[in-house]
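Quick note on the working numbering: the sequence shown kicks off at 1046 and runs consecutively. Every residue, glycine too, gets a C-beta built ideally from N, C-alpha and C. The next block holds one structure in the form of structure tokens; read it before the comments.
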Amino acid sequence: MSQESTRRRFIGASGVGAIGLMAGCTDSLTDDGTESDDTGSDENGDGDDSDGIDDGIDDGEDVPDLDGGAVVFVYDDGPMEDYDDAFPVHEEFDAPASTGIVTEWMGREDFNDSDWMDVEHLEELVDAGWEIMSHTTAHTALGSFELVEDVEPDDERIYPEERNHGFHQGYDIEITDGEESVLRTVVDSDTDDTGGYLEFDESVGESFAAGETVERYPEDVMHEFLGESKSELESLGFEIDTLLAPYDIVDDWAIDVAREYYDGIANVNPGSMYNDPDSFDAFDTNRDYFIEFTTPAEVEADLEHVAEEEAIGIIGAHTFKEEVTAERIRETLEWVEDHDLEVLTFREALHATGALEG
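Rendered as structure tokens:
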């Protein structure tokens, strides 16, 4: 299982020692009202590779060369289509990718209208040079949402700008204006005449002003989503250095907690693929979709720009979506090849830019 990809032609720059929106994912999630109890027990993870899975970057191996520019493919969620459709096409081009895995979805069948890759599929991807990334335990939005309606003490509903935190019921939510904070458990979420709401198991008990208040997952819940995902994947033998944020929702609150577990987040700023390697920040990355929400002409033009500037393009897709076909993936890889862009994993891009050192 330690067979390394033959694509390593790009490696040979300087050697280093001990190299250490809402457009995303499923539009609605199954609300089963339960919390997972099957994730790993070591919250912080120890990064042990005791199962011998080859993760592509070994201690002492030379870092990738960015001359001419590079592209990072980051696929979302871990559906079987990553393995059945995307993987064979990437193999045609000897090109790796990164895939963000929701740990509670691994190996499930007919869930959210898809089947999901299990450990054996992920091991095969890693053997071919792919990177496994965390995509949280349960595909939960990590950012904060501003309230758009005032809250009175006897209210049991709040109205945030988006109701992503209502997709997963049974978790605590923190309502805070920076001075006062209240924790309440989400028991329902829907839309009424006022707008999209989160409903709690009891009244809020305090007054909060719209525009001055946010709702977010409290710190202990954030550690569960981020720490347990990493430790579970590492307990299966994978090296987990990086995070793909569900729904492309990232803010300072999410970044602060993520830094405790990960070396970078692939999709901090959605809507552009362009990343300047000279000012690259692993926690201020740009990622755009290369099939969904765009056109082939736009993608080809953006890749040409990446090549002209010798930049890093980070692009993504949800392979379970009907429009994300093997043909469209192949077309994109052909453009990448035409522009002589190197294909890297996100981890490799961090090494190449110096965002990961030692």
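How should residue i be labelled, buried or exposed, when 16 other C-beta atoms within 10 angstroms of its C-beta is the threshold for buried?
| i | result |
| --- | --- |
| proline 1315 | buried |
| proline 1141 | buried |
| glycine 1113 | exposed |
| leucine 1228 | exposed |
| threonine 1377 | buried |
| aspartate 1158 | exposed |
| glutamate 1273 | buried |
| threonine 1364 | buried |
| alanine 1346 | exposed |
| alanine 1430 | A query on residue 1430 cannot be resolved here, the shown segment of the chain reaching from 1046 to 1403 and no further. |
| phenylalanine 1245 | buried |
| glutamate 1165 | exposed |
| threonine 1144 | buried |
| phenylalanine 1132 | buried |
| aspartate 1297 | exposed |
| glutamate 1353 | exposed |
| glycine 1399 | exposed |
| glycine 1442 | With the chain represented from 1046 up to 1403, any question about residue 1442 goes unanswered, as that position is not in the structure. |
| aspartate 1127 | buried |
| threonine 1330 | buried |
| glutamate 1387 | buried |
| threonine 1230 | exposed |
Please list, in chain order, all residues of the same chain as residue i whose beta carbon is under 6 Å from its beta carbon, the five residues on each side excluded.
| i | result |
| --- | --- |
| alanine 1255 | Leu1192, Val1193, Glu1194, Asp1195 |
| tyrosine 1307 | Thr1287, Leu1288 |
| leucine 1389 | Pro1109, Ala1115, Val1117 |
| phenylalanine 1270 | Thr1181, Thr1182, Thr1185 |
| leucine 1167 | Ile1177 |
| aspartate 1222 | Phe1253, Glu1257, Thr1258 |
| valine 1344 | Phe1335 |
| isoleucine 1285 | Ser1179, Lys1275, Leu1278, Glu1279 |
| methionine 1267 | Val1302 |
| glutamate 1137 | none |
| glutamate 1219 | Ser1226, Leu1228, Arg1261, Pro1263 |
Taking the beta strand (DSSP E) that residue i falls in, what are its first and last residues?
| i | result |
| --- | --- |
| phenylalanine 1118 | 1115 to 1120 |
| leucine 1278 | No beta strand (DSSP E) contains leucine 1278, which is instead part of the alpha helix (DSSP H) from 1274 to 1280. |
| glycine 1271 | Going by the sequence as given, residue 1271 is leucine instead of glycine. First-last for leucine 1271: undefined, no H or E at that position. |
| aspartate 1333 | 1331 to 1334 |
| glutamate 1387 | 1387 to 1389 |
| isoleucine 1359 | 1357 to 1362 |
| threonine 1144 | 1143 to 1146 |
Go through its chain and collect everything with a Cβ distance to residue i's Cβ below 7 Å, but skip five positions before and after it.
| i | result |
| --- | --- |
| tryptophan 1161 | Gly1123, Pro1124, Met1125, Trp1150, Met1151, Gly1152, Arg1153 |
| proline 1198 | Ser1248, Val1249, Gly1250, Glu1251, Ser1252 |
| alanine 1394 | Ala1115, Val1117, Ile1357 |
| aspartate 1237 | none |
| glutamate 1349 | His1384 |
| glutamate 1382 | Phe1138 |
If I'm right that residue i touches residue j with Cβ under 8 Å, what's the distance once you round it to whole angstroms?
| i | j | result |
| --- | --- | --- |
| serine 1179 | leucine 1288 | 5 Å |
| arginine 1332 | glycine 1361 | 5 Å |
| proline 1263 | aspartate 1217 | 6 Å |
| alanine 1299 | leucine 1187 | 4 Å |
| serine 1234 | glycine 1211 | 2 Å |
With respect to the alpha helix (DSSP H) encompassing residue i, which residues constitute its N-terminal and C-terminal limits?
| i | result |
| --- | --- |
| histidine 1135 | 1132 to 1137 |
| aspartate 1297 | 1297 to 1303 |
| leucine 1378 | 1371 to 1383 |
| histidine 1350 | 1341 to 1354 |
Looking only at its chain, what residues have a beta carbon closer than 8 Å to the beta carbon of residue i, apart from the 5 residues adjacent to it on each side?
| i | result |
| --- | --- |
| serine 1095 | With a pLDDT of only 38 at serine 1095, under the threshold of 50, the placement of this residue in the model should not be trusted; the figure read from the coordinates follows. Excluding positions up to five away in sequence, the list reads Gly1282. |
| leucine 1066 | Note that leucine 1066 scores a pLDDT of 34, beneath 50, so its modelled location is shaky and nothing firm can be said. |
| glutamate 1368 | Ile1336, Glu1337 |
- Complete alpha helix (DSSP H) runs within the region 1207 to 1269 (minimum length 4 residues, chain order): 1264 to 1268
- Message: Runs of 4 residues minimum, wholly inside the region 1153 to 1179: which ones carry the alpha helix (DSSP H) assignment?
- Response: 1164 to 1172
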